[in-house]
Every structure is written in structure tokens, then in C-alpha cells.
Amino acid sequence: MVQTGSRRSGFQSLLRAFDLIFQDFQPIAAIATTPIGANQLLKFAQIDGITLWLPNSLLSNSPALNAQWSVFHTYTGSLKNHLATLWNTHRSLVFCLATGAVVRLIAPLLEDKASDPAVVVIDETGQFVLSLCGGHQAGADQLARLIALQLGATPVLTGSANRAALPGIDVLGVPFGWQKGEGDWTGVSAAIARHAPVQIIQEAGSTLWQKHLPDGHPFQFPATGNRQPATGNPESPQARVWITPFTQLPTSPRPQALTPSHPIPEACWHPRVLWVGIGCERGTSKTLIQQAVQQVFQAHHLSQRAIAGVATIDLKADEMGLVEFCHEHHWPLRCFPAEALRTVPVPNPSAIVEAEVGTPSVAEAAALLGATQVSALDAQSEQPAEVSLPVPKHIIRQAGEAGAVTIAVAQAQQEYTGRTGKLWLVGIGPGQLDQITPAVQTAIAQADAVIGYSLYIDLVKPLLRPGQIVEALPITQERQRAERAIALADWGLAVAVISSGDCGIYGMAGLVLEQLHIQGWDGHTPEVQVFPGITALQAAASRVGAPLMHDFCAISLSDLLTPWEVIEKRLIAAAQADFVVALYNPKSQTRTHQIETAQQIFLKYRDRKTPVAIVRSAYRPDEQVTITTLAEFLQFPIDMLTLVLIGNQSSRTHTRWVITPRGYLGFDAE
1453 MVQTGSRRSG
1463 FQSLLRAFDL
1473 IFQDFQPIAA
1483 IATTPIGANQ
1493 LLKFAQIDGI
1503 TLWLPNSLLS
1513 NSPALNAQWS
1523 VFHTYTGSLK
1533 NHLATLWNTH
1543 RSLVFCLATG
1553 AVVRLIAPLL
1563 EDKASDPAVV
1573 VIDETGQFVL
1583 SLCGGHQAGA
1593 DQLARLIALQ
1603 LGATPVLTGS
1613 ANRAALPGID
1623 VLGVPFGWQK
1633 GEGDWTGVSA
1643 AIARHAPVQI
1653 IQEAGSTLWQ
1663 KHLPDGHPFQ
1673 FPATGNRQPA
1683 TGNPESPQAR
1693 VWITPFTQLP
1703 TSPRPQALTP
1713 SHPIPEACWH
1723 PRVLWVGIGC
1733 ERGTSKTLIQ
1743 QAVQQVFQAH
1753 HLSQRAIAGV
1763 ATIDLKADEM
1773 GLVEFCHEHH
1783 WPLRCFPAEA
1793 LRTVPVPNPS
1803 AIVEAEVGTP
1813 SVAEAAALLG
1823 ATQVSALDAQ
1833 SEQPAEVSLP
1843 VPKHIIRQAG
1853 EAGAVTIAVA
1863 QAQQEYTGRT
1873 GKLWLVGIGP
1883 GQLDQITPAV
1893 QTAIAQADAV
1903 IGYSLYIDLV
1913 KPLLRPGQIV
1923 EALPITQERQ
1933 RAERAIALAD
1943 WGLAVAVISS
1953 GDCGIYGMAG
1963 LVLEQLHIQG
1973 WDGHTPEVQV
1983 FPGITALQAA
1993 ASRVGAPLMH
2003 DFCAISLSDL
2013 LTPWEVIEKR
2023 LIAAAQADFV
2033 VALYNPKSQT
2043 RTHQIETAQQ
2053 IFLKYRDRKT
2063 PVAIVRSAYR
2073 PDEQVTITTL
2083 AEFLQFPIDM
2093 LTLVLIGNQS
2103 SRTHTRWVIT
2113 PRGYLGFDAE
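Be aware that the sequence shown starts at 1453, since it is given in the numbering used here, and climbs by one per residue.
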């Protein structure tokens, strides 16, 4: 098979990677009024969704900037007037100006923290990135973190949640697609800022976020059905947060023990767990469908913000009123054939409906099928997640509106996020922060979930942020890591999968892509981006000089995934061909003979004095470097954190350095 077509250049691919990382903050307007400020912001100007604005007068007086005029957008008149045009059209504003000047510029424009854009300020030296406005809801805190990683600067975050290492309560449900409901969000946030006890009553949605709270958090979790038991501060709560499909009405069907006993600030998140099954007569109007859903939800104290989607029979896939209703609310419409619907047990089957469309139930059966899915949160699950039918079918007619609507509501165990998942396969190099590329650092910091071997998670801890799902699996569970990452991405999360070195060289990229292939991945959803890192052979080579200056290869001695017979053939071929060879995974506690066999093979084709470098934990605090020879290198400690570099016939040592000449010309056999 031959595949042809254009592919992005490396630079364009890098920009695409940054575009994905900054996607949640776009469109972004970056603003500077001086050449120094413009140069600080210049690296962002070519990322899709980011516009760099400069005063027209600045370009006129700056030949260096004027030569790059195509990168910038210019405005005339005052920045104050221009800012008024950007305020309501951009999600984020990034200034490289004095903080006081920015405060005066935005003060007249501030209206409500729920709608104001994120405002971030970079000082002209590029040392500090300040989250000025919209830290939580608009995402300024996180945007400041990401920009700081790009600039090698220090983020300045002054919100109380950052001090407590907690996710902002008003953005807690964003990764899971939860919809924010009514309530005194300011009062709840103030209680958390005081570190007062806050009661969390979670009646729906994933509890995954609870497992990643820091020690000493202020949240209480009273027992609610199958939810987590009471934990946290035993004192009387000073605020309450509901995570529920219900509206906050006193008549909501909740256990009496959970109803408010005294007035405290309360707020509400609505996980999208409700699937609305709809059956309707042909030609039913959007208005009637909308009124019917509203009527049923009000009668049962359910919030329409908790709706995941709409389900019906496939005969109604082109029903105009239904299609318009779903489109207006941005709800997915799932359509099922009669053959599937009639297999679903329902409380209210109808012989009349069965005679007409081939199934005894449309609304109830479609709602249950819509809510039924294999849980993406459990990679081992092969059974559909549990669902219930809190609202059996209701038939609604309205005077003056043609047609009739049948409504039923099912509740899924797992919420619908409404997001396209992302898999970011990242290489962290040796693990030292200054050896990790800015793109990788930014991807790790922005991800909703970070998956990796526990050692690698420890190495990147300074990049992690409050609220992230961080899961460390043992070194032998690479495939389980891949499956878990894919499950979370299929659910709609942005997942960073960490490998040491380069993720595409004995790293996780191959396993993840292999598993996606097995699952029938379409190549688009979830989105996949590979971020390279400094691989182990490069890191080890840099600690001993220039051993890789001529042709080289890498061979892993681990036979867990590759038969030893294949590995042995590759060792013989590499030794005969006089490659400089990097041996990965040279020796473990139970696998000891492979490195001995490798030495014997190379001694058949190379001089006993051939330089060998043994590098353990390159660039890490416990780094060990040994320069020895092919005949003697087994006398030194070697383990799974070690990389062994075997020189070719022209490799030489000089003091503590290993040098392989770039060419064979003038080679001195002595």
C-alpha cells in the first residue's frame, strides 16, 4: 500500500502541539506597546488562535519589528479604546505591560468573574507571569503557569486555592463536562479560603477527583447511597456543594439527613448523566418538544443542565423538530433501530407502539440504551455501566401545538463529558527539569490526567498542579498504563502519558498506538500528539564525551516483549557491522545472563580494549559514570537504570572522555 499526501513541517507540527495545549484559552489576544514587550510575546504569535497586537506607531518607529510586520496586528488610537473591542471577543488577554497600567485599562471593563476573560501580565524581563484576573473560572492561573513554562519564568498566583493545593471549587467539574448550577459560589469559595469544613454531597458523576485531593483538605463526604463514606473534618460544615442531577429545591427527593439544617453558602454542580428518551408523532414541533422536556424536568426536580443527550428510534433521525431541539442545546442525538430497542426491558411497554414501529417502547428503551455504555473509567470492564430510569414515560400534548411527545429519563452511572479526548505522549528525557522541553513541560502541566511509572511521576512533580488526576503504575505494567490512558481519553480527558527519555524509543508511544490500533481507532478521536524528549543514549553519551559521532544503534536486552533469539541476532549483526551500540535494559534482578552473552558476542568481533561507558541515572542526583573496556565492564554494577555504550573499532578514550571519530580516514590501528 502506498500513501501519499502532504504532512506538516516539523515547525508546523510543533505549533499544532502548542495549539492543542492552549486550546482551552483561545482566542487569545497578546498585547504589547514596546519592542521589548513585543519580543517577549513573539513566540506566541504564530500559534493558531493567538493574535499579537501592537500600536501602529510602534512599527513605524521600529525597523526590526517592521521587518516582521506579517506576524503582528496593529491598532490605531488609544489602547483603552482598542481593548474595549477585544474584551468580549477573546477568552484570554495576555499583556506585556506594567501591572498598574493593565489594572487601569481593564478596570472599566470588569463585569462578572463568570464572564470576564482571563487576564495575564508578563513583565518585560520575562521573569514573572502574573495571573491578574479570572484566575479560576476564566483559567488565568493555569494560563499563567503554561506561559511561565514557555518563558522559563515564575508564575505568580495569589488565589487561596493555590496556597491550599486545591482545585478551584468553581472549576472542579470542568474536566468532566459538569455544568455549573446556581448557588453562592463566592461564599463557598470564601469558606475554602478560610480552610473551613465544606460538605460535599455527591449524588452523581465520577468520584475520581476525590482520590487526588491533598492531605488535610477541608472537604467532608457524608455517606450518600453508594458514594464515599464520611471523611475529612468532623466539624459542622461552613459551606455545602451539591454534585447532583437535581435542582436545589427543598422538595428534591434526597435523604432527610442531607437537607440543609441551617443557612450556609451552597452551590451546585450538575454532572451530565441524564439521557432523555423521546418518542413523538411525525411533524411534532421543536416548541412542543422543548415544553415537554421542561415540564417533565420541573415535575421531577431535575436540572436540564444534567442532560447528557437525547435518544430515540432511528425512524426519527430526520425529525425536524427533534433535530432542531438537540442542535439548539448542543446535545448529541443517539438513534437506535427497533431491533435494539425491543430487547430492552421497560416498565411501560405498549402494544400500539410495537405495532406501529416494531418495538413496544421508544422513549423508555431509547433512554436506557443511551445511558448504557461500557465504562471508560474501568479499562477491564466488559459489562455495561449500571443505569436507572428515574422518570418513566410521560405523554405530553399542548393545546395549539401539533403532535404529541413521549418523554422518559434514564440516569447513567458515568457522565458524558462532551469533550474530545487527547493523548499526549511525552518524553521527559533524563528527568531533570531543565532537560525537559518546554512543550513537554507545558503538556504535563495542562493535562487533566498524568499517567506514568512512579519514578517518572516523582521526577515531574514540580510540573503537576492541584486537581490533576495523577496515577502511577508499576514498571511492569506498561500495557495497563496504555489501556488506562486510552480509557480516560475516550471519556474526554486530556491525558499525558510519561516516558523517560524519548517516548518513541523504548517508551510508551508504541504501546499506546498499538493498543489504539487494536481497538479500531479512527486516527482522529482521541487526538494524539507525540512530544519528543532527550533519549537515554543521548543523555548517557553527553556525560562521557562524543561516543556517537559515527553510525550507532540501540538494542534492548529485555526479552519480555522480544524473543531472545531475535535479540541475539541483532547483537551479532551490530557487532559485525562495527556500530557503536547502546544497550538498553541491560540487567535486572532476575535477568542476568543476557548482558554476559552480549559481552561474549562483542568480544568475537571487537578488541578487548574497546571503550565501554556505563552510565546510570544520567543527570539525576544518584548519577554514576564509569569508563572501562569491553573485557572488564561486567566487573561494575549494572541494573535497569543503566545504559551501556560500546564503542566501535575507532572509538578512543582520553582522560575521562570517550571519543568516536566522525570518519575512518586516518584510522590508526594502534
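We treat Cβ as the ideally placed atom computed from N, Cα and C, and that holds for glycine.
Shown here for P1918: same chain residues with a beta carbon closer than 6 Å to its own, the five before and five after excluded, namely A1617, L1618, P1619 in chain order. A residue is called buried when at least 16 other Cβ atoms come within 10 angstroms of its Cβ; G1879 meets this threshold and is buried.
Here Y2071 is actually not in contact with P1890; their C-beta atoms are around 17 Å apart, not less than 8 Å. Note that the stretch 1722–1730 touches the stretch 1744–1764; at least 3 beta-carbon pairs, one per stretch, sit closer than 8 Å.
Note that the C-beta distance between I1741 and F1777 is below 8 Å. For G1639 and V1693, the gap between their C-alpha atoms comes out near 11 Å. Cβ contact annotation for C2005 (same chain, cutoff 7 Å, sequence separation greater than five): A2026, F2031, V2033, in chain order.
Positions of the beta strand (DSSP E) runs, each at least 3 residues long and wholly inside the stretch 1633–1676, are given as 1650–1654 in order along the chain. Scanning its chain for C-beta atoms nearer than 8 Å, with the 5 sequence neighbours on each side dropped, one finds around T2105 the residues P2063, I2079, I2111, in chain order. It is roughly 9 Å from the alpha-carbon of A1818 to the alpha-carbon of V1796. Closest option to R1543, judged by alpha-carbon separation, among P1844, T1503, T1696, S1530: T1503. By the Cβ neighbour-count rule, S1530 is exposed, with fewer than 16 other Cβ atoms within 10 Å of its own. If you draw a straight line from the Cα of S1688 to the Cα of L1665, it comes to about 20 Å.
Excluding residues up to 5 positions away in sequence, D1636, G1639, V1640, A1643, A1691 lie with their Cβ nearer than 7 Å to the Cβ of P1717 in the same chain. At a cut-off of 3 residues, the continuous stretches assigned as beta strand (DSSP E) that sit fully inside the stretch 1747–1815 are 1759–1765, 1785–1788. Secondary structure at S1509: helix, using DSSP grouped into helix, strand and coil.
Inside the stretch 1537–1614, DSSP marks whole beta strand (DSSP E) runs of 3 or more residues at positions 1544–1548, 1570–1574, 1580–1585, 1606–1608, from first to last along the chain. Excluding residues up to 5 positions away in sequence, W1727, V1839, A1862, A1864 lie with their Cβ nearer than 6 Å to the Cβ of A1823 in the same chain. Around the CB of L2095, 16 or more other CB atoms lie within 10 Å, so the residue is classed as buried.
Beta-bridge analysis with DSSP links I1859 to I1730, H1846. Minimum Cα-Cα distance from G1904 among the listed residues A1937, T2014, A1895, V1762 corresponds to A1937. Collapsing the DSSP output to three states places T1739 in a helix. Per DSSP, the beta-bridge partners of K1874 are A1946, E1979. Between the stretch 1600–1612 and the stretch 1917–1934 there are fewer than three C-beta pairs closer than 8 Å, too few to call the two in contact.
Annotated as proximal: T1764 and G1729, with beta-carbon spacing under 8 Å. Boundaries around L2095 are those of the beta strand (DSSP E), 2094–2098, since no alpha helix (DSSP H) includes it. Between the beta-carbon of A1592 and that of V1572 there is about 5 Å, and that keeps the pair under the 8 Å contact cut.
In summary, D1564 is exposed, with fewer than 16 beta-carbon neighbours lying within 10 Å of its beta-carbon over all protein chains present.
Beta-bridge partners assigned by DSSP to Q2076: R2068.
Distances from the CA of F1983 to each of L2009, K1845, G1962 were compared; the closest alpha carbon is that of G1962.
Here L2023 is actually not in contact with A1992; their C-beta atoms are around 18 Å apart, not less than 8 Å. For T1526, the enclosing beta strand (DSSP E) stretches over residues 1525–1527.
Assignment of L1885 by DSSP, reduced to helix, strand and coil, places it in the helix class.
Per the coordinates, the alpha-carbon of P1978 lies some 24 Å from the alpha-carbon of I1480. Contact between V1798 and G1731 does not hold, since the beta-carbon distance rounds to 12 Å and is not under 8 Å.
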